[in-house]
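Using this note's numbering, the letters of the sequence shown correspond one by one to residues 7 to 483. Working notes, beginning with the structure itself.
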Amino acid sequence: MTSWSPWLADIPGPFHRRLVAALQQDIAAGRLLPETRLPTHRALARALSTTVVTASRAYREAAALGLIHGTVGRGTFVAPRADAAAGTAEDLAAASVAGSPLAAEAAPLLDLGANVIAAGADPAGTVPRPAVAALLWNGLAQRHPPGGASNHRAAGAAWLRRAGWEPRPAGIVATGGAQHAILVTLAALVRPGDRILVESLTYPGIRTAAQCLGLQLVPVPIDGDGLVPEALAALCAAGPAPSSPPPRLLLCQPSLHNPTSAVMPAERRRAIAAIARRHDLAIVEDCVYEFLLDDPPPPLAALAPERTCHIVSGSKALAQGLRLGYIAAPEPLVPALQAQIAATGLAASPSWLDLAAHWIATGAAHRLTTVKRQEARLRQQLARTCLHGLSWLSHPASSHLWLRLPPPWQAAAFVDQARRQGIAVNPAGPFAADPAAAPAAVRLCLGAVADRRQLEGALNRLAGLLAGPPPPEEPVV
Ligand SMILES: Cc1ncc(COP(=O)(O)O)c(C=O)c1O
């Protein structure tokens, strides 16, 4: 058993918080190493002349912050990656201010907000470092045309190829990420003031890109299978709104939609392709999470290749710092896309493009996605257990889920309470194409917290919050 004896003298606040802060400080300073056994609740209470209730409360809070873990009968241990969760001395001092919102804000947050896929599965250990360094170095001495050199475009085509769909390198354009791909595709296809059709809940970056280009969003209703074709047909048939042109483009996420994780069945995709043809709509399909599916339905790009741009992302599928995306586009559109890339950053980084091409050719890309796919499934199973009994939408392969809050909880109050527990989550507002229609829901991302046990603690904590009522509103005077 460890002889850990916390030093509480300089730390303000109630006793149990001072204890958590001392634990955090000792982990951050390396005085407590991962998996160190900690004193029992009783032994700690005795050593500090306090009650077992106080010691247990401190351990509970430390576990919720991901600093420690333990099971009845086995003991309490410092978490394997607790150093990552431990903050600076200033954070700790602030965190120990009793019950203030500032306290929780200063403490390190467990990130269930960023849609990083299996952060722990990034390249280290999966691909050899010397090869990576050599490729990056080589890329520094190069310059490429907007949209990538021919080998980069061939790599993108190889990456996307699958049974039933063989995009040609001539239709591939490389960008500085999927967000960049969305922006340049919209800029190439529509004009300021145009209306574009999007799922009623959508990725916030689509709203940002539309705002940047002066576009109006027209929300299309969705259900558990994604965008509803009948609703799309009705909106197209309704014709132009007074003083606005008819929508000319549909931007959707048919595979693992963000935020609901819906996967559009093949039949529905065919119906949407037919509607787009009938009304001469361009289609942009954002498929950045599709690689997580074992056997995805045919892409819209295979069903309506003459009008569809298909977008994927290096940061999602390969490594979160890899700012790279590919667009598989109808070939006549490629010069317009290249012009928009030139206008918005000249070209994607040659180093990243070389690296991705190398990973694709050597099979490293496949290895990376396999690890991420497996990790995402494990985390979904964890979420299923922790959130049992709550109402949420997701998919067994997805990296995120959409948690519907039981009444009377509202998203803003829940986000605030989660933050006070040291957990970051996203409210529904930014996902709603019409912000006035945002439901009482939050999106939880399962991949950014590196340690699965910390994720489990955070999910249990969130479920615990929803088991009770929201706090009373602060009086307004
Ligand atoms: C649906 C969707 N599309 C595009 C992006 C942007 O991806 P990238 O990091 O490649 O710019 C994201 C990022 O979260 C996303 O969720």
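We put the CB at the ideal spot given by N, CA and C, even for glycine. A quick note: this is a predicted structure, and the numbers were derived from the prediction, not measured.
Classification of residue i by the beta-carbon crowding that lies within 10 angstroms, buried from 16 upward
i, result
"residue 143", "exposed"
"residue 381", "buried"
"residue 108", "Note that residue 108 scores a pLDDT of 36, beneath 50, so its modelled location is shaky; the value from the coordinates is reported in the next line. Exposed is the call here."
"residue 391", "exposed"
"residue 94", "At residue 94 the pLDDT is 37, less than 50, meaning the model places this residue with poor confidence; the figure from the coordinates comes in the next sentence. Classification for residue 94: exposed."
"residue 217", "exposed"
"residue 32", "buried"
"residue 24", "buried"
"residue 427", "buried"
"residue 365", "buried"
"residue 400", "buried"
"residue 483", "exposed"
"residue 162", "buried"
"residue 41", "exposed"
"residue 314", "buried"
"residue 358", "buried"
"residue 37", "exposed"
"residue 30", "buried"
"residue 457", "buried"
"residue 368", "exposed"
"residue 470", "exposed"
"residue 379", "buried"
"residue 200", "buried"
"residue 460", "buried"
"residue 404", "buried"
"residue 11", "exposed"
"residue 170", "exposed"
Near ligand 1: residue i beta-carbon under 8 Å from a heavy atom
i, result
"residue 292", "yes"
"residue 319", "yes"
"residue 185", "yes"
"residue 217", "no"
"residue 466", "no"
"residue 232", "no"
"residue 213", "no"
"residue 331", "yes"
"residue 432", "no"
"residue 188", "yes"
"residue 264", "yes"
"residue 346", "no"
Beta-bridge partners of residue i, as assigned by DSSP
i, result
"residue 180", "332"
"residue 397", "410"
"residue 433", "448"
"residue 77", "81"
"residue 232", "229"
"residue 222", "201"
"residue 337", "None, per the DSSP bridge assignment."
"residue 43", "83"
"residue 292", "317"
"residue 261", "269"
"residue 116", "429"
Within 9 Å, strictly: CB atoms of residue i and residue j
i, j, result
"residue 3", "residue 276", "This structure cannot settle anything about residue 3, because the visible part of the chain is limited to 7 through 483."
"residue 193", "residue 350", "yes"
"residue 324", "residue 363", "no"
"residue 190", "residue 221", "no"
"residue 398", "residue 407", "yes"
"residue 240", "residue 285", "no"
"residue 327", "residue 354", "no"
"residue 60", "residue 49", "no"
"residue 44", "residue 65", "yes"
"residue 430", "residue 468", "no"
"residue 309", "residue 266", "no"
"residue 256", "residue 203", "yes"
"residue 472", "residue 374", "no"
"residue 361", "residue 145", "yes"
"residue 219", "residue 278", "no"
"residue 439", "residue 294", "no"
Contact belief for residue i with residue j at Cβ below 8 Å, rounded distance in angstroms
i, j, result
"residue 341", "residue 312", "The Cβ separation is near 16 Å, so there is no contact."
"residue 5", "residue 433", "It is not possible to answer for residue 5, since the shown part of the chain is limited to 7 through 483."
"residue 271", "residue 231", "6 Å"
"residue 160", "residue 136", "In fact, because the Cβ distance is near 25 Å, the residues do not count as touching under 8 Å."
"residue 321", "residue 183", "6 Å"
"residue 450", "residue 385", "Not confirmed; about 10 Å, so no contact."
"residue 305", "residue 291", "6 Å"
"residue 172", "residue 263", "With a Cβ gap of about 25 Å, residue 172 and residue 263 do not count as contacting."
"residue 21", "residue 56", "6 Å"
Residue i at chain C interface by Cβ criterion, 9 Å
i, result
"residue 424", "Going by chain labels, chain C is absent from the structure shown, which holds only one protein chain."
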